[in-house]
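Peer 1: Everything in the sequence shown is counted per the numbering used here, starting at 627 for the first residue and increasing by one.
Where is the CB? At the ideal position from N, CA and C, for every residue including glycine.
From a predicted model like this one, the values you see are computed outputs, not experimental measurements.
Before I ask anything, let me first share the structure, which is written out below as structure tokens.
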Amino acid sequence: MGHFLRQFFQGGDAAAAETSMVRALAGVAAPMLITAFWIVTLAGALRGWGAAGVHYLFVLYAFCAMGCVTTLQWERLFPERMDFLVLLPMPLRGWTIFAAKLRAVAVLLLLFLFAANVFGTLLLPVLAGRRLPVAMFAHAVAVFAAGAASALGVLALESLVVAMVPERLFRYVAPVVQAVLVSAFLVLFLRMGIVTESLPVLLSGQSDVGRWFPPLWFLAVYEVCLGGPAATPYAYMLAREAWLCLPVLLVCAVSLYPAAWARRQRMALEGTRSAELRDGRVWAGLVHGTVLRTTDGRAVFHFMRQSLARLSRYHVGLAAYAGAGVALSLTAAFRVEVLGDSLRVSLIQTGAQVVLPLLLFWMVAGLKTAFSLPADLGARWVFRLAGLQTQRVISTAKLFVFGGCCALIVMLLLALAACGWRGVELWLQGVYGVICAVLLIDVFFYLEAHVPFTRPPLPGRSSLPMTLATYIFGVPVLILLMITLEHWAGTHVWRVAEAVGAAVAVHGLMHWLRGLPSHPASADVFLDEFTEEIQTLGLSA
């Protein structure tokens, strides 16, 4: 079980696995620790529907956090191909391996479930006054049940996808399902205020929407256990829905997991056709004769393309970034209101202008992050011997990202056209999207000086606070600039031409600065490698 548990974080390296485990658990626990601390510090005694709104925050966080964790650990919840190839020939029973993996999955989910909810359980019930034991019991039951239900539901869905999706389509379907799940959980959390404002209507039975909304079921469990004013007769009915769904989800997960296990084992032993990439002629006809005229550019381009297509760990990361971008875009572009027994969804005109910069930002950031994660460091000697030019390598990487951004812009323009946008409005959105994509790529790849997927991890150089500051402060600035540009230029041809000229000038300046001798990209792309490693190819003792 220890082997499988370490795989969830950093493979077989025990020290690295423990460090990554602590960081992951701390990342899940920190938000509710800070929230509970400030609520206890600044708020007085919680009463009535205000207390129910705070309870809903913790229930919803447990539900969404466990859903995202289970989704992002998708591939590692089932044994990998190497596990089957190495463990099955050993004198181990198949049931022993299965039981060890199942225990590891259960321990992983329980660890995250405990980390996500422990601080809220200890701190928030302090506001209940004399009913501290009852409040702690109610909080623990509700949030742990919500997190368990979310994790079991996602695990059952993942098992169903693994067991049923054809092999050729699996590497396309799995990332899409992951991105949809992540975006759905994030939208639920970001739209928390809609439910909080409507709690008197939803828990009193005046609207039937809550009957189809699982987080509200577990809030009803909270209120029923606490016995507060929100524990209406309708809340008792919703609480029964929660207790009924838990065993159903458990049975689904337990019954579907062995089928997914058997499918993965067969794919590992017989091989799978999903890893075959037979689109070489398409790329040769499209880009070799136009933008990729050099051999090193073609080599790096196809190395990036096939690495992203074959390796599932990149799919998970990109799905997380895509889910975050879609969730933020949907939150900014659409207004949701509870009206009786229905939900009214309407498009916000100004919010639609935010969608394109947000999606482009998260796409470029996701690809840049994926490029910095090593694929197979033992094979990078081939690039060293090929004598690649660093500037061409980085230009190819930027071209690859720009192609993805253009595809995203086209899809978004088609979606806007379906929503009723026409003519000049669509054309301007396309122009502003290209400007935004070019400037984002220049900024993100300004200091890049390595072939993607070949740079070793650099412990101590990554800064989580700096990364968070980039997302927190960079995204609003980007959105403000793009909205200001759109309002200033409007439909004036000359102003649009001036905006394009300014973007071209900034792009040219960034390109000139990258070519200076003092820039990191001017150095040898493999300067940090040892010559002995290249000469022996890792075969010497």
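1) Measure the beta-carbon distance from Pro801 to His681 and round it to whole angstroms, keeping in mind my assumption that it falls under 8 Å.
2) When you compare only the Cα positions, how much space is there between Glu1074 and Trp988?
3) Nearest-angstrom Cα distance between Val874 and Val850?
4) Enumerate, from N- to C-terminal direction, the unbroken alpha helix (DSSP H) stretches of 4 or more residues contained entirely within the segment 915-941.
5) Just the C-alpha distance for Ser938 and Gly1116, rounded to the nearest angstrom, thanks.
6) Are at least three pairs of beta-carbons, each pair with one atom in the segment 824-837 and one in the segment 861-868, less than 8 Å apart?
7) Report back the beta-carbon spacing between Leu845 and Val685 to the nearest angstrom; my notes put them in contact at under 8 Å.
8) How many angstroms separate the CA atom of Pro983 from the CA atom of Phe1071?
9) Could you give the residue range of the alpha helix (DSSP H) that holds Pro801?
10) In terms of residue numbering, what span does the alpha helix (DSSP H) encompassing His681 cover?
11) Closer than 8 Å is the cut-off here; do at least three beta carbon pairs connect the segment 771-783 with the segment 692-706?
12) Taking Arg1018 and Asp922 to be in contact with their CB atoms under 8 Å, please state how far apart those CB atoms are, rounded to whole angstroms.
13) To the nearest angstrom, how far is the alpha carbon of Ala1044 from that of Leu1034?
14) Counting C-beta neighbours from all protein chains within 10 Å, is the total for Asp834 16 or more, i.e. buried, or is it exposed?
15) Grab me the residues of Ile665's own chain with a C-beta within less than 7 Å of its C-beta, minus the 5 sequence neighbours each way, in chain order.
16) Rounded to the nearest angstrom, what separates Gln1015 and Ala991 at their Cα positions?
17) Alpha carbon to alpha carbon, how far is Gly1141 from Asp1068?
18) Whole angstroms is fine: what's the gap from Trp915's alpha carbon to Gly1127's?
19) Distance check for Ala1041 and Trp1114, CA to CA, integer angstroms please.
20) Please classify Pro792 as buried or exposed, where buried requires at least 16 other C-beta atoms within 10 Å of its C-beta.
Peer 2: So, to answer that:
1) Your numbering for residue 801 matches position 175 in the sequence shown. Your numbering for residue 681 matches position 55 in the sequence shown. Between the beta-carbon of Pro801 and that of His681 there is about 35 Å, and that puts the pair past the 8 Å contact cut.
2) Along the sequence shown, read from residue 1 onward, the residue named residue 1074 stands at position 448. Along the sequence shown, read from residue 1 onward, the residue named residue 988 stands at position 362. So the two alpha carbons sit approximately 18 Å from each other.
3) Within the sequence shown, numbered from 1, the residue matching residue 874 stands at position 248. Within the sequence shown, numbered from 1, the residue matching residue 850 stands at position 224. For the pair Val874 and Val850, the Cα-to-Cα distance works out to about 21 Å.
4) For the alpha helix (DSSP H) assignment, the uninterrupted runs of no fewer than 4 residues enclosed by the segment 915-941 are, from N- to C-terminal side, 921-936.
5) Position 312 of the sequence shown, counted from the first residue, corresponds to residue 938. Position 490 of the sequence shown, counted from the first residue, corresponds to residue 1116. Rounded to whole angstroms, the separation of the alpha carbons of Gly1116 and Ser938 is 43 Å.
6) Short answer: they touch.
7) By one-based count along the sequence shown, residue 845 stands at place 219. By one-based count along the sequence shown, residue 685 stands at place 59. At roughly 5 Å, the Cβ-Cβ gap stays under 8 Å, so Leu845 and Val685 are in contact.
8) Within the sequence shown, numbered from 1, the residue matching residue 983 stands at position 357. Within the sequence shown, numbered from 1, the residue matching residue 1071 stands at position 445. Phe1071 has its alpha-carbon roughly 17 Å from the corresponding atom of Pro983.
9) Translated into positions along the sequence shown, residue 801 becomes position 175. For Pro801, the enclosing alpha helix (DSSP H) covers residues 793-816.
10) Here the question's residue 681 lines up with position 55 in the sequence shown. For His681, the uninterrupted alpha helix (DSSP H) segment begins and ends at 674-698.
11) These segments touch.
12) Taking the first residue of the sequence shown as position 1, residue 1018 is located at position 392. Taking the first residue of the sequence shown as position 1, residue 922 is located at position 296. Correct: roughly 6 Å between the Cβ atoms.
13) For the purposes of this step, residue 1044 is taken as residue 418 along the sequence shown, with counting starting at 1. For the purposes of this step, residue 1034 is taken as residue 408 along the sequence shown, with counting starting at 1. Taking the straight line from one Cα to the other gives about 15 Å.
14) Sequence index remark: in the sequence shown, residue 834 carries index 208 (1-based). If you draw a 10 Å sphere on the C-beta of Asp834, you find fewer than 16 other C-beta atoms in it, and that means exposed.
15) Within the sequence shown, residue 665 is the residue found at index 39, counting from 1. Excluding five sequence positions before and after Ile665, the CB atoms of its chain that fall closer than 7 Å to its own CB belong to Val680, Leu750, given in chain order.
16) Start at 1 with the first residue of the sequence shown, and residue 1015 comes out as number 389. Start at 1 with the first residue of the sequence shown, and residue 991 comes out as number 365. Rounded to whole angstroms, Gln1015 to Ala991 spans 24 Å at the Cα level.
17) For this step, residue 1141 is matched to residue 515 along the sequence shown. For this step, residue 1068 is matched to residue 442 along the sequence shown. Each residue's Cα considered, the two are about 13 Å apart.
18) Taking the sequence shown and counting its residues from 1, the one referred to as residue 915 is at position 289. Taking the sequence shown and counting its residues from 1, the one referred to as residue 1127 is at position 501. Contrary to the premise, residue 915 reads as Gly rather than Trp in this sequence. Between the alpha carbons of Gly915 and Gly1127 lies a gap of roughly 28 Å.
19) As a position in the sequence shown, residue 1114 is number 488, starting the count at 1. As a position in the sequence shown, residue 1041 is number 415, starting the count at 1. Rounded to the nearest angstrom, the gap between the Cα atoms of Trp1114 and Ala1041 is 25 Å.
20) Translated into the one-based positions of the sequence shown, residue 792 becomes position 166. Around the Cβ of Pro792, a 10 Å sphere holds fewer than 16 other Cβ atoms; the residue is exposed.
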